[in-house]
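**Student:** Residue numbering for the sequence shown is 84 to 346, as defined by our numbering.
Beta carbons are placed, not taken as given, at the ideal position from N, Cα and C, and that holds for glycine.
Quick caveat, the model's predicted, so the values are computed rather than measured.
Take this structure, written in structure tokens, and hold onto it; I'll ask about it next.
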Amino acid sequence: MDLHSMDTYIKSLIKEAGHRIRNSFLVDITIETKSDANDLVTNIDKEIEQFFISRIRRDFPGHRILGEEGFGDTFEDLDGVVWMLDPIDGTMNFVHQKRNFAISLGIYENGIGKLGYIYDVVNDDLYHGIQGGGAYYNDERLRPLFDTSIEESIVGINATWITPNRYIDHEATIRLVQHVRGTRSYGSAALELAYVASGRMDAYISMRLSPWDIAGGKVIAEEVGAVTSNFKGEPANLMKQDTFIVANPSIHHRILSEYIRLK
Ligand code: IPD
Ligand code: CA
Ligand code: CA
Ligand code: CA
84 MDLHSMDTYI KSLIKEAGHR IRNSFLVDIT IETKSDANDL VTNIDKEIEQ
134 FFISRIRRDF PGHRILGEEG FGDTFEDLDG VVWMLDPIDG TMNFVHQKRN
184 FAISLGIYEN GIGKLGYIYD VVNDDLYHGI QGGGAYYNDE RLRPLFDTSI
234 EESIVGINAT WITPNRYIDH EATIRLVQHV RGTRSYGSAA LELAYVASGR
284 MDAYISMRLS PWDIAGGKVI AEEVGAVTSN FKGEPANLMK QDTFIVANPS
334 IHHRILSEYI RLK
């Protein structure tokens, strides 16, 4: 795989998809629900996934595609080249705010992340990473992350995890919120990964993410030295939903060992 020519191709494909999404603001969209009343999907999520798939099938016929909306392939393994796509990450924000959502795309070869993209469509900001070639915010190369401490950190966390819940001990998570400098919740896992990679936040934790939520951001974040794993400290599994943390390397272990207690 020639990463540099693929990179050029993918950037133009993502920009074209972003243009289509921005144009959708001018017309009525159809909103449906999936697993529950707050799990939204629109015709635009589906159309953008289909747009990517038709181009990838035409131009890279040997590659496979994993897309959130299910128009791609089904998977038993990650052999060969796999495009992992979330056409709109942050659909709730797309519907309610018309901002704070992103296109997320990761290209994996035999399970190894090669290229990663997160496109903040409304701000026209593209984050990308090339395995071994660095990570970028538009044309600016992102610096390796500096060491930090829990006390000086901004952590991305959803408020749900400080209320009683059946997955984690919320008292431990409350202590995390009390000890850090600040918390944020943007509602797009992909953007939150991009913010950790660009040093705007120091960690982001989520109880349940899918491969397409993290595939692009993992490549970008790891290029600047951020650590990704599930809550057990194991590498993210790109075949299934799991818990997820991305963090500055100096606080990753401490967050997991002192502040996240799975029930
Ligand atoms: C969701 C967003 C959200 C995260 C959810 C994801 P979607 O993706 O990333 O921030 O908390 O777990 O499912 O459905 O908007 O693509
Ligand atoms: Ca969704
Ligand atoms: Ca998503
Ligand atoms: Ca989505």
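1. Got a sec: does ligand 4 put a non-hydrogen atom nearer than 8 angstroms to the Cβ of residue 203?
2. With a CB to CB cut of under 6 angstroms and the five nearest residues on each side skipped, what residues in its chain are close to residue 164?
3. Are the CB atoms of residue 303 and residue 211 within a distance shorter than 9 angstroms?
4. Per the DSSP calculation, residue 330 is bridged to which residue(s)?
5. Under 8 angstroms by Cβ, that's how I've got residue 238 and residue 286 pegged, so tell me the actual separation to the nearest angstrom.
6. Within the present structure, is the beta-carbon of residue 166 separated from the nearest heavy atom of ligand 3 by less than 8 angstroms?
7. Among the residues of its own chain, which have a CB less than 8 angstroms from the CB of residue 105, if the five just before and after it don't count?
8. Output needed for residue 333: all residues of its chain with C-beta closer than 6 angstroms, excluding positions within five of it in sequence on either side, in chain order.
9. Tell me whether the beta-carbon of residue 218 lies closer than 9 angstroms to the beta-carbon of residue 275.
10. In whole angstroms, what separates the C-alpha of residue 338 from that of residue 111?
11. When DSSP labels each residue in this structure, what does residue 218 get in the three-state scheme?
12. Considering only residues of the same chain and omitting the five flanking positions on each side of residue 258, which have a CB-CB separation below 7 angstroms?
13. With a threshold of 8 angstroms, are at least 3 pairs of Cβ atoms found where one atom belongs to the region 88-104 and the other to the region 126-138?
14. Looking at residue 174 and ligand 4, is the gap between the Cβ and the nearest heavy atom below 8 angstroms?
15. With burial defined as no fewer than 16 other Cβ atoms inside 10 Å of the residue's Cβ, what is the status of residue 120: buried or exposed?
16. Looking at ligand 4, does it come within less than 8 angstroms of residue 171, judged from the CB to the closest heavy atom?
**Tutor:** This is what the structure holds:
1. no
2. 146, 192
3. yes
4. 286, 310
5. 5 angstroms
6. no
7. 204, 205
8. 230, 231
9. no
10. 43 angstroms
11. strand
12. 342
13. yes
14. yes
15. exposed
16. yes
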